[in-house]
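Just below is one structure, and these are the notes that go with it.
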Amino acid sequence: MSPAWWAWVASRDSLTARLIEAGGEKTFRVRLLDQRPGRPRPDEADALDLPVGRLAWLREVALCLDDRPWVVARSVAPLEQLRGQRLDRLGERSLGSWLFRQPDLERSPIEVTASSAPFHPDSGPWGRRSVFRHGRFAVLVQEFFLDAMADELALPSR
Numbered sequence: 000m001s002p003a004w005w006a007w008v009a010s011r012d013s014l015t016a017r018l019i020e021a022g023g024e025k026t027f028r029v030r031l032l033d034q035r036p037g038r039p040r041p042d043e044a045d046a047l048d049l050p051v052g053r054l055a056w057l058r059e060v061a062l063c064l065d066d067r068p069w070v071v072a073r074s075v076a077p078l079e080q081l082r083g084q085r086l087d088r089l090g091e092r093s094l095g096s097w098l099f100r101q102p103d104l105e106r107s108p109i110e111v112t113a114s115s116a117p118f119h120p121d122s123g124p125w126g127r128r129s130v131f132r133h134g135r136f137a138v139l140v141q142e143f144f145l146d147a148m149a150d151e152l153a154l155p156s157r
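In structure tokens:
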């Protein structure tokens, strides 16, 4: 992985804040693609230590600059752990805007993949995921950087 991509993929701070800064004058927007209770993929259930087949809150968004998606993300949270966390009310706000305000937030190591998002048609060079924990609440956040971002920021293909 190139150093330029490593700076994005390995960052542990708010991706939303980094995208806004990198976009300069471009308008940042979260586009809600899907949000519903559903069954996580087996690898997602495994990452959350969730029994296969158990329902979870699923949310898919595109993080856009001037309405062009740069990153697509999928979040998975066990339904029984939501207790009062009204994440369904986020709408077109980023999950990070809520997560990074939690004082006891913990983040697992970041897992990296060279695969494109399995839930979105646009391709990209890298994806990453990690589990965020806030008290007894846990959410798996998967973010896939798209070719559009690489083009706009003149990042190498890998």
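Numbered per numbering that gives the first Met the number 0, the sequence shown spans residues 0 to 157. Glycine residues also receive a C-beta, built at the ideal position from the N, C-alpha and C atoms.
- Below 8 Å, enough C-beta pairs join the region 58 to 77 and the region 130 to 146 to call them touching: three or more.
- Secondary structure within the region 92 to 136: the alpha helix (DSSP H) runs of 4 or more consecutive residues, fully enclosed, are 94 to 98 (chain order).
- Counting C-beta pairs with one atom in each stretch, the region 16 to 32 and the region 84 to 99 have three or more that are closer than 8 Å, which means they touch.
- Taking all protein chains in view, the Cβ of PRO39 is crowded by 16 or more other Cβ atoms within 10 Å, so the residue is classified as buried.
- Under the 10 Å beta carbon count, SER10 is surrounded by fewer than 16 other beta carbons and is classified as exposed.
- Cβ-Cβ separation between VAL75 and LEU139: approximately 4 Å, consistent with a contact (criterion under 8 Å).
- In this structure, the CA atom of ASP150 is about 14 Å from the CA atom of LEU18.
- Taking VAL111 as reference, the option from GLU105, ARG100, PRO102 and GLY123 with the minimal CA-CA separation is GLY123.
- About 20 Å separates the CB atoms of PHE99 and GLU59; that is not less than 8 Å, and the two are not in contact.
- The criterion of a C-beta distance shorter than 8 Å is not satisfied by TRP125 and ALA137.
- In this structure LEU86 touches TRP56 by the C-beta definition: roughly 6 Å separates them, less than 8 Å.
- In the DSSP assignment, ALA61 falls within the beta strand (DSSP E) that extends over 55 to 64.
- Listed in chain order, the non-local C-beta contacts of MET0 below 8 Å within the same chain comprise VAL8, VAL111, TRP125 and ARG157, local neighbours out to five positions each way being set aside.
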